[in-house]
Amino acid sequence: MDYFHSVRLDKEKCKGCVNCIKKCPVEAIRVRHGKAEIMEERCIDCGECIRACPNHAKYAERDSVQDLALFSYTVALVAPSLYGQFRDNVSPARILAAVKALGFDDVCEVALGAEIVSQAVRDYFRANHHLRPLISSACPAVVRLIQVRFPALVDHIIPLESPMQVTASLMRQKAVQETGLAPERIGIFFLSPCPAKVTAVKNPVGGVPSEVDRVLAVADVFGRLLENLRQEEPCLTRADRLGIGWGASGGEVAAAGIENALIVDGIHNVISVLEEIELGRLGDIDFIEAQACPGGCVGGILNVNNRFVAGVRLRHLVRDLPAREPLSERLAAFGVPMPKVPEIEVKPRPIVHLDRDLRRAMQKLQQVQALMERLPGLDCGSCGAPTCRALAEDIAVGKALETDCIFKLREKIMALAQETYNLAQLVPPAMDQNRTSKGGEGDAT
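Note that the sequence shown covers residues 123 to 567 in this note's numbering.
Take a look at the structure:
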């Protein structure tokens, strides 16, 4: 199976430290031969390794603003979290005008798509009562986490496309109507706060091709946006404050209007909640908004501002913005009908854990259990694997040795040293005056 991952490793910068392996939520990283290695079948592009690496050896691959020249007409999609990167007195109209001034022909807020998806979530929630809790599909890193680590929970995911994809489809349709150009000549660019959304565009989950053509990092264009902050273009603002609120943790629940909901952010916190669901302990919760980045999208690693500051600024903006006319009226004024949110199909991601053959897999599992009895269980990471269990599994599949464990290596060295010492005490038989013959001794007469 082919994978695309936006999270990449720069081996020249990698020093072989184990910070990344301890932070990866799906144990997708090993350190071998002094360098980190990313296991493609496990990686979910959450970006935790980028946060953890002190040597900046992990990075997020993304596109360049120079790609605007590849299209006849270009549209920028602005994530709601972008508004939190600016001062409180910078209006959305000024920010959108600054984005357009990068060279785009049009710009649209993903918050508009968030409103559309919020309505679809409400409809899906009312129509489906058989399974609880339902889990938001908005965060691609969380969706992939469930595919890889919690495959039994894929049916809990609400099978609806993300606001980014809905907005992209809407804007392509509008651009085709207005310009008469072929759809492929229109370039849809998304300004992303995180690497997971880059992967969601290049390798989408759910079987629906992405309408986004290129993904830019907010950090790459932010300096130019500051230079472009001059005058407002009120005609570019189309989203309501509820859609804009999606940029921070809790915004989706507020927009969907679901009261009996649980809100969790930060990938390791998400894992703890998913473990509870797997154990059947959260069946009394209707809906879970789960986001991999701390604080929600404002905490994405491709942003520039402190996530706490950005979160406060976004909340202030949502609080101070006046309510707008209903979504249907705004879409009609925009010249597009209310779109139907496409459904996606999320399946478990197949990962060969120990062996494809069940019998051999059971044998290797027994080997893993035996190894766990011998390994120290300290999960120190010195072996290059995140846990002793992960090392045992690597040994069972032939990717590591038991002596990769520093404690087992020390035991072997000490045993070898003792054996060497004992051998050093021996002398050849011809030189051993105290050695007696086995055939008996006696004086010649």
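Idealized CB from N, CA, C, for every residue including glycine.
Checklist entry - Whose C-alpha, out of Asp387, Leu347, Arg511, is nearest the C-alpha of Glu495? => result Position 373 of the sequence shown holds residue 495. When only C-alpha atoms are compared, the closest one is Arg511.
Item to check | Residue from Pro461, Asp479, Asp362 whose Cα sits closest to the Cα of Glu447 | outcome: Residue numbering aside, residue 447 sits at position 325 when the sequence shown is read from its first letter. Among Pro461, Asp479, Asp362, the Cα nearest to that of Glu447 is on Asp362.
Checklist entry - Under a three-way DSSP split, which group does Arg352 fall into? => result Within the sequence shown, numbered from 1, the residue matching residue 352 stands at position 230. DSSP places Arg352 outside both helix and strand once states are collapsed to three, so it counts as coil.
Item to check | DSSP beta-bridge partners of Ala198 | outcome: Here residue 198 corresponds to residue number 76 of the sequence shown, with the count starting at 1. For Ala198, the beta-bridge partners assigned by DSSP are Val229, Phe311.
Checklist entry - Less than 8 angstroms separating the beta-carbons of Asp335 and Ile310? => result Here residue 335 corresponds to residue number 213 of the sequence shown, with the count starting at 1. Here residue 310 corresponds to residue number 188 of the sequence shown, with the count starting at 1. Yes, the pair counts as a contact, with Cβ atoms nearer than the cut-off.
Item to check | Run of the beta strand (DSSP E) containing Tyr125, from where it starts to where it stops | outcome: To locate residue 125, count along the sequence shown from 1; it is residue 3. It is not in any beta strand (DSSP E) - Tyr125 carries neither H nor E in the DSSP assignment.
Item to check | Phe247 vs Leu253 beta-carbon contact at 8 angstroms | outcome: Here residue 247 is taken as the residue at index 125 of the sequence shown, counted from 1. Here residue 253 is taken as the residue at index 131 of the sequence shown, counted from 1. No.
Item to check | Where Val386 sits in the DSSP three-state scheme | outcome: Position 264 of the sequence shown, counted from the first residue, corresponds to residue 386. Val386 carries a strand assignment under DSSP once its states are collapsed to helix, strand and coil.
Next on the checklist: Does Ala223 come out as helix, strand or coil in the three-state DSSP assignment?
Outcome noted: In the sequence shown, residue 223 corresponds to position 101, counting from 1. In this structure, Ala223 counts as coil in the three-state DSSP scheme.
Next on the checklist: Quick check: Ser291 and Glu333, are their CB atoms within less than 8 angstroms of each other?
Outcome noted: The sequence position of residue 291 within the sequence shown is 169, counting from 1. The sequence position of residue 333 within the sequence shown is 211, counting from 1. Closer than 8 angstroms, so yes.
Next on the checklist: Could you compute how far the alpha carbon of Arg154 sits from the alpha carbon of Arg164?
Outcome noted: Position 32 of the sequence shown, counted from the start, is the residue given in the question as residue 154. Position 42 of the sequence shown, counted from the start, is the residue given in the question as residue 164. Cα to Cα, Arg154 sits roughly 17 angstroms from Arg164.
Checklist entry - Would you say Val288 and Leu313 are within 8 angstroms of each other, going by their C-beta atoms? => result Here residue 288 refers to the residue found at position 166 of the sequence shown. Here residue 313 refers to the residue found at position 191 of the sequence shown. No, Cβ-Cβ distance for Val288 and Leu313 is not below 8 angstroms.
Next on the checklist: Taking the beta carbon of Gln547 as the centre, do at least 16 other beta carbons fall within 10 Å, making it buried, or is it exposed?
Outcome noted: Taking the first residue of the sequence shown as position 1, residue 547 is located at position 425. Gln547 comes out exposed.
Next on the checklist: For the beta strand (DSSP E) containing Thr532, name the first residue and the last one.
Outcome noted: Mapped onto the sequence shown, residue 532 falls at position 410. It should be noted that the sequence gives Arg, not Thr, for residue 532. Segment 528-546 is the alpha helix (DSSP H) holding Arg532; no beta strand (DSSP E) there.
Checklist entry - Among Val458, Val519, Cys527, which one has its Cα closest to the Cα of Lys296? => result Your numbering for residue 296 matches position 174 in the sequence shown. In terms of CA proximity to Lys296, Val458 leads the group Val458, Val519, Cys527.
Next on the checklist: My assumption, with CB atoms under 8 angstroms, is that Ala263 sits in contact with Ala215. Please give the rounded CB distance.
Outcome noted: If you number the sequence shown from 1, residue 263 lands on position 141. If you number the sequence shown from 1, residue 215 lands on position 93. For Ala263 against Ala215, the beta-carbon gap comes to about 31 angstroms, at or over 8 angstroms, which does not count as contact.
Checklist entry - According to the neighbour-count rule (16 or more other Cβ atoms, all chains shown, within 10 Å of its Cβ), is Leu282 buried or exposed? => result Taking the sequence shown and counting its residues from 1, the one referred to as residue 282 is at position 160. So Leu282 counts as buried.
Next on the checklist: Considering only the alpha carbon of each residue, which of Glu374, Leu545, Val549 lies closest to Val386?
Outcome noted: Within the sequence shown, numbered from 1, the residue matching residue 386 stands at position 264. Nearest option by C-alpha distance: Glu374.
Checklist entry - With distances taken from CA atoms, which of Leu480, Cys415, Gln353, Gly422 is nearest Ala219? => result Here residue 219 corresponds to residue number 97 of the sequence shown, with the count starting at 1. Checking every option, the nearest Cα to that of Ala219 belongs to Gln353.
Checklist entry - If you drop the 5 nearest sequence neighbours on each side, which residues of the same chain put their C-beta closer than 7 angstroms to that of Ala233? => result Along the sequence shown, read from residue 1 onward, the residue named residue 233 stands at position 111. Counting only Cβ-Cβ distances below 7 angstroms, and skipping sequence neighbours, we find Pro202, Ala361, Gly365, Ile366, Trp368.
Checklist entry - Per DSSP, what kind of secondary structure is Val140 in: helix, strand or coil? => result In the sequence shown, residue 140 corresponds to position 18, counting from 1. Looking at Val140 - three-state DSSP - the assignment turns out to be coil, as it is neither helix nor strand.
Checklist entry - Exposed or buried, Asn556, counting other C-beta atoms within 10 Å across all chains shown (16 or more means buried)? => result Here residue 556 refers to the residue found at position 434 when the sequence shown is read from its first residue. Its Cβ having fewer than 16 others within 10 Å, Asn556 is exposed.
Item to check | In DSSP terms, what Lys180 is bridged to | outcome: Numbered from 1 along the sequence shown, position 58 holds the residue referred to as residue 180. Leu131.
Item to check | Ile399 to Val276 span [Cα, whole Å] | outcome: As a working note, residue 399 is residue 277 in the sequence shown. As a working note, residue 276 is residue 154 in the sequence shown. Using only the alpha carbons, I get a separation of about 12 angstroms.
Checklist entry - For Gly402, which of Ala445, Ile238, His278 has the nearest alpha-carbon? => result If you number the sequence shown from 1, residue 402 lands on position 280. Closest option to Gly402, Cα to Cα, is His278.
Item to check | N- and C-terminal bounds of the alpha helix (DSSP H) containing Val490 | outcome: The sequence position of residue 490 within the sequence shown is 368, counting from 1. Residue range 480-496 is occupied by the alpha helix (DSSP H) that includes Val490.
Checklist entry - Contact check, Gly235 vs Met286 under 8 angstroms by CB: the rounded distance? => result Locating residue 235 in the sequence shown gives position 113, counting from the first residue. Locating residue 286 in the sequence shown gives position 164, counting from the first residue. With 8 angstroms as the limit, Gly235 and Met286 qualify as a contact, their Cβ atoms being about 7 angstroms apart.
Item to check | 6 angstroms CB neighbourhood of Thr567 in its chain, flanking five on each side removed | outcome: As a working mapping, residue 567 is identified with position 445 in the sequence shown. Legend: pLDDT at Thr567 = 45, less than 50; position of this residue unreliable, value from coordinates given subsequently. Within the same chain, and ignoring the five residues on either side of Thr567 in sequence, no residue has its Cβ closer than 6 angstroms to its Cβ.
Next on the checklist: Quick check: the Cα distance between Phe226 and Leu199, rounded to an integer number of angstroms?
Outcome noted: Looking up residue 226 in the sequence shown gives position 104. Looking up residue 199 in the sequence shown gives position 77. Phe226 and Leu199 have their C-alpha atoms some 10 angstroms from each other.
Checklist entry - Does DSSP put Ile366 in a helix, a strand or coil? => result Numbered from 1 along the sequence shown, position 244 holds the residue referred to as residue 366. In this structure, Ile366 counts as helix in the three-state DSSP scheme.
Item to check | Euclidean distance between Cα positions of Ala454 and Ala378 | outcome: On the sequence shown, residue 454 is found 332 positions in, with the first residue counted as 1. On the sequence shown, residue 378 is found 256 positions in, with the first residue counted as 1. Approximately 21 angstroms, taken between the alpha carbons.
Checklist entry - By how many angstroms is the C-alpha of Glu515 removed from the C-alpha of Ala537? => result Locating residue 537 in the sequence shown gives position 415, counting from the first residue. Locating residue 515 in the sequence shown gives position 393, counting from the first residue. Their backbone Cα atoms lie some 25 angstroms apart in a straight line.
Item to check | Cut-off 6 angstroms between Cβ atoms - residues of its own chain near Ala376, not counting five sequence neighbours on either side | outcome: Your numbering for residue 376 matches position 254 in the sequence shown. Only Gly367 meet the Cβ criterion.
Next on the checklist: Looking only at its chain, what residues have a beta carbon closer than 7 angstroms to the beta carbon of Asp132, apart from the 5 residues adjacent to it on each side?
Outcome noted: Taking the sequence shown and counting its residues from 1, one reaches residue 132 at position 10. Cβ within range, chain order: Ala179, Tyr181.
Checklist entry - Contact check, Arg266 vs Val327 under 8 angstroms by CB: the rounded distance? => result Residue numbering aside, residue 266 sits at position 144 when the sequence shown is read from its first letter. Residue numbering aside, residue 327 sits at position 205 when the sequence shown is read from its first letter. That belief holds up - the Cβ atoms of Arg266 and Val327 are roughly 7 angstroms apart, short of 8 angstroms.
Item to check | As assigned by DSSP and simplified to three states, the class of Ala445 | outcome: Residue numbering aside, residue 445 sits at position 323 when the sequence shown is read from its first letter. In the structure shown, Ala445 adopts coil according to DSSP, grouped into three states.
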